[in-house]
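Please read the structure below before turning to the comments.
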Amino acid sequence: MTPSSPTRRAFLSSLGALSVAGALPVRAWAVAGGAHIGGTATEIPRGLAAADDFGFAPGLVYLQTGSLGPTPRPVIERTMDAWKELESNPTLICYGKHEREMEEVRAKAAAFLGCGTDELLLTNSTSEGMNWVAQGITFARGDRILTTDQEHPGGRACWDYVARRHGVIIDVVAIPPGENNPSAIVARFRQQITARTRVLSFSHLLTSTGLRMPVAELSALARSRKCLSVVDGAQAIGAVALDMTALGCDVYATSGHKWLLGPKGTGLLYVRADVGARIDPIALQSGHSAYNASTGVCSTPSALGLGAAIDYISSIGLTSIEAHNNTLYRRLYDGMKRVAKATVVSAAPGSLATAQLTFSLPLDVLSGELATRLFDTHHIQVKVVPANMLNGNRISMHLFNTERDVDALLAALKMELA
Ligand SMILES: Cc1ncc(COP(=O)(O)O)c(C=O)c1O
710 MTPSSPTRRA FLSSLGALSV AGALPVRAWA VAGGAHIGGT ATEIPRGLAA ADDFGFAPGL
770 VYLQTGSLGP TPRPVIERTM DAWKELESNP TLICYGKHER EMEEVRAKAA AFLGCGTDEL
830 LLTNSTSEGM NWVAQGITFA RGDRILTTDQ EHPGGRACWD YVARRHGVII DVVAIPPGEN
890 NPSAIVARFR QQITARTRVL SFSHLLTSTG LRMPVAELSA LARSRKCLSV VDGAQAIGAV
950 ALDMTALGCD VYATSGHKWL LGPKGTGLLY VRADVGARID PIALQSGHSA YNASTGVCST
1010 PSALGLGAAI DYISSIGLTS IEAHNNTLYR RLYDGMKRVA KATVVSAAPG SLATAQLTFS
1070 LPLDVLSGEL ATRLFDTHHI QVKVVPANML NGNRISMHLF NTERDVDALL AALKMELA
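Convert by adding 709 to the 1-based position in the sequence shown; the result is the number in the numbering used here.
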């Protein structure tokens, strides 16, 4: 079947009809959902990706990259090949070839982030990077940390730990749902800094709404008040272009397994060189290398897969990815105007919006129940934004999503929220 052949179109429209009408039995769909990577492709167009790059369950509309991204075939192949190679002689390969190759991944990742290789560490997740940093700062009782009420637990738990252990006080800047004014956010941070504030910690892209936070301005503010700026970049890498120098932050922790589409359990931690001993994590005692006495052995296949993920994203190009995702965002944003009950709380299309759109729901419509119905009836996977944040659902759109995915979601929402 060619991309435009009548057979292919008939196949796609039959899938669309099944999916939108919810006529495909969930059990059969789920059971049929075995991976088909490298086998027969589903022939579903995959946006900027090749049709068979992803191993989604047939019929699944995956709109949850913000939680976990799907890993494409070339990245899985690199990871699995490395694993097989490792097992051919674990000691020789791990402490030899893989150790050297992981250093190449670190250098590649540093170039991708616009920082020096000696400023970057491979980690297992954003949360791990945040933990290392928080535990690498010497706090005195009564010191303060300034963060927001929209942080993911992975960017917040590290500060709760130092608060409990060292008597540090956490101050919180409110970012209400629908707040899309970066200057107002910076002003609130400025107002809430005290003489005892040591750290400003905030996300680059908010997990709740996808709002692009004013990282450069907040980092400059932190520096002017002799505070450290610690950025949780879990939602950014692979979705938006990154340049640590331009952002100007002291720390940037991020994940490989979301928008970068890398193996699960991968991450990166940037610690600016001139921060020096102000941040002194145990993981750095033996240097920054991927394998050393402080870090111990990691999953070398996953680390090498992370390098392949950077290659995959780079081969498509972040400019194209951002343009593609923006087009889908605009389509969804416009379409949501015709969906009853849902209120979009993410920014209007433009410089503050990213590839995640969140809508909130009235209290009598539980976002968790709506997400379940979207999945069970329409085979659409979305994220539940918990009621403590805003009782909503978050829609992530990435390079493999298509206008058809957006339209399927809109049709399903119109049906479920009628
Ligand atoms: C903003 C933010 N920080 C941290 C995390 C946790 O990421 P990880 O599992 O890589 O630690 C998430 C996950 O969704 C997130 O959205």
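No residue lacks a Cβ here, since even glycine has one placed at the ideal position from N, Cα and C.
Under DSSP, G1101 forms a beta bridge with S1069, V1094. For D1085, the three-state secondary structure derived from DSSP is helix. Taking a contact as a CB-CB distance under 8 Å, the pair E808 and A819 does not count as one, their CB atoms being some 17 Å apart. Between ligand 1 and the CB of D858, the shortest heavy atom gap is not smaller than 8 Å.
If you look at R907, you'll find it in the beta strand (DSSP E) that goes 906 to 912. Taking the Cβ of D941 as the reference point, at least one heavy atom of ligand 1 falls within a distance shorter than 8 Å.
H1107 has its CB no nearer than 8 Å to any heavy atom of ligand 1. The beta carbon of M953 sits closer than 7 Å to the beta carbons of L822, G823, C824, Y961, Y979 from its chain, once the five residues preceding and following it are set aside; these are given in chain order. Nearest to D761 by C-alpha distance, out of V1053, N1034, F1109, R899, is F1109. G985 and L830 have their alpha carbons spaced roughly 15 Å apart. For F848, the CB contacts under 6 Å within the same chain, skipping 5 residues up- and downstream, are V871, H875, V877 in chain order. Counting only runs of 4+ residues, the alpha helix (DSSP H) found wholly inside the segment 749 to 808 occupies 782 to 797, in chain order. Setting aside the 5 residues that flank it on each side, Q1065 is surrounded in the same chain by G775, G919, R1103, S1105, each with a C-beta closer than 6 Å to its C-beta; the list follows chain order. Secondary structure of L920 (DSSP, three-state): coil. L1013 carries a helical assignment under DSSP once its states are collapsed to helix, strand and coil. For G864, the enclosing alpha helix (DSSP H) stretches over residues 862 to 875. Put simply, of T788, I946, L927 the residue whose alpha carbon is nearest the alpha carbon of A893 is L927. For Q944, the CB falls within less than 8 Å of some heavy atom of ligand 1. T835 is the residue among T835, H913, N1001, A1096 whose C-alpha sits nearest the C-alpha of T963. Between V940 and F898, the C-beta gap is not smaller than 9 Å, which leaves the two residues out of contact. For D858, the number of other beta carbons within 10 angstroms of its own is below 16, and it is reported as exposed.
Within 8 Å of the C-beta of L969 there is not a single heavy atom belonging to ligand 1. Assigned with DSSP and collapsed to three states, T856 falls in strand. Set against 8 Å, the gap from the CB of H875 to the closest heavy atom of ligand 1 is not smaller. Excluding the 5 residues flanking it on each side, A955 has same chain C-beta neighbours closer than 8 Å at G823, A925, in chain order. As summarised for the segment 933 to 963, the continuous alpha helix (DSSP H) elements at least 4 residues long and confined to that stretch are 953 to 956, given in chain order.
Distance from the C-beta of L1066 to the nearest heavy atom of ligand 1 is not below 8 Å. For T1067, the closest C-alpha among the options V1054, S1060, R787, P799 is that of V1054.
Here M922 is buried: its Cβ has 16 or more other Cβ atoms, across all protein chains shown, within 10 Å.
Taking 8 Å as the cut-off, the C-beta of T916 counts as close to a heavy atom of ligand 1. Per DSSP, the unbroken alpha helix (DSSP H) holding V1115 starts and ends at 1112 to 1125. Secondary structure note for G976: it is in no alpha helix (DSSP H), and the uninterrupted beta strand (DSSP E) holding it is 976 to 980. In its chain, beyond the 5 residues on either side, W841, V842, Q844, G845 have a beta carbon closer than 7 Å to the beta carbon of P990. With contacts defined as CB atoms closer than 9 Å, L1013 and T788 qualify as a contacting pair. From the listed residues L1119, R1040, T1009, the smallest Cα separation to D790 is found for T1009.
A distance criterion of 8 Å places the beta-carbon of G775 in contact range of ligand 1, judged by its closest non-hydrogen atom.
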